[in-house]
Amino acid sequence: MTLKPILFAALALAGASLQEAKAQLLFTIGTAGTTASTNNWPAGEAPAFGVDGTPGTKYLNFAKLNTGLVFTPSTAGTVVTGINFTTANDAVDRDPASYILFGSNSAVVSDVAGSTLDVSASFTEISAGTLALPAERLTVGGAVTFANTTAYNTYLLVFPTVKNEVGANSMQIGDAILQASGGIGGAGTPVGGGVLTAVPETGSAALLGLTGLGLLARRRRN
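In this text, residue positions in the sequence shown follow the numbering used here: the first is 38, and each later residue adds one.
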């Protein structure tokens, strides 16, 4: 089973809590690059390499916090109930320390750099929590499972934090493979990346600032 030509997207969240920013979360398509502290990735470490199931490849994002990817399996209406992880080849500090998974049945159509998708209008949170990936490199471990009975066509996976925010210059993951009954497909061809920004309910063009997992966790307690 393969994936359609799909949108693979890197995310950098900016906003108050996701709850406060619920009015509108905009996903902005980005591009490859190696600029520090920016939502970009080296050509050989693009988002597609984080879901290709191939040992030794990885997805790296220099935005570090609140990064992730969006993709659409070739089989429509998959019910995802878990995620399997494989660590990257180096720098344990860069490993994701938390996750949040969203699903959508709205078409994800844009792959033009600088264009936006309204995530808050079309995505629903499925699961979120902390991760405990192994310190060993190129190792499968830290899988998560969760209760979910809703089928979605498109999934958005965000990694809000890394193991050592001070020591890391990026986020990296060898593989993050969604698990679904009957399979969900393999890797496809990446066509874009992006940055997620929050527009407050007032409609102001000013962007809010997100402090990370603490706010995400607070949202889940409310």
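The C-beta atom is built at its ideal place from N, Cα and C for all residues, glycine as well.
Once DSSP output is grouped into helix, strand and coil, what is the label at serine 202? A quick correction: the sequence has glutamate, not serine, at residue 202. In this structure, glutamate 202 counts as coil in the three-state DSSP scheme.
Would you tell me roughly how many angstroms separate the C-alpha atoms of serine 159 and valine 107, rounded to the nearest one? 13 Å
Lysine 101 to threonine 187 span [Cα, whole Å]: 30 Å
Alanine 184: buried (16+ other C-beta within 10 angstroms of its C-beta) or exposed? exposed
DSSP state of glutamate 173 mapped onto helix, strand, coil: coil
Can you list, in chain order, the residues of its chain whose CB lies under 6 Å from that of proline 79, leaving out five sequence neighbours each side? Thr71
Quick check: the Cα distance between leucine 250 and leucine 154, rounded to an integer number of angstroms? Unreliable positioning characterises leucine 250 in this predicted model, as indicated by a pLDDT of 32, which lies under 50. A coordinate reading is not provided.
Under the three-state DSSP convention, the category phenylalanine 139 falls into: strand
Can you name the residues that DSSP bridges to threonine 191? Ser141
Nearest to tyrosine 189 (by Cα), restricted to the options Gln209, Ser207, Pro110 and Asp212: Pro110
Note the first and the last residue of the continuous alpha helix (DSSP H) segment covering alanine 158. 156-159
Closest to proline 171 by CA distance: which of Ala144, Asp132 and Leu193 is it? Asp132
If you drop the 5 nearest sequence neighbours on each side, which residues of the same chain put their C-beta closer than 7 Å to that of asparagine 142? Tyr189 and Asn190
Express the C-alpha separation of asparagine 76 and glutamate 162 in angstroms, rounding to a whole number. 22 Å
Run of the beta strand (DSSP E) containing valine 117, from where it starts to where it stops: 117-123
Considering only residues of the same chain and omitting the five flanking positions on each side of asparagine 201, which have a CB-CB separation below 7 Å? Asp130
Here's the rule: buried if 16 or more other CB atoms are within 10 angstroms of the residue's CB, otherwise exposed. What is proline 92? exposed
Report yes if the C-beta distance between glycine 90 and aspartate 212 is below 8 Å; otherwise report no. yes
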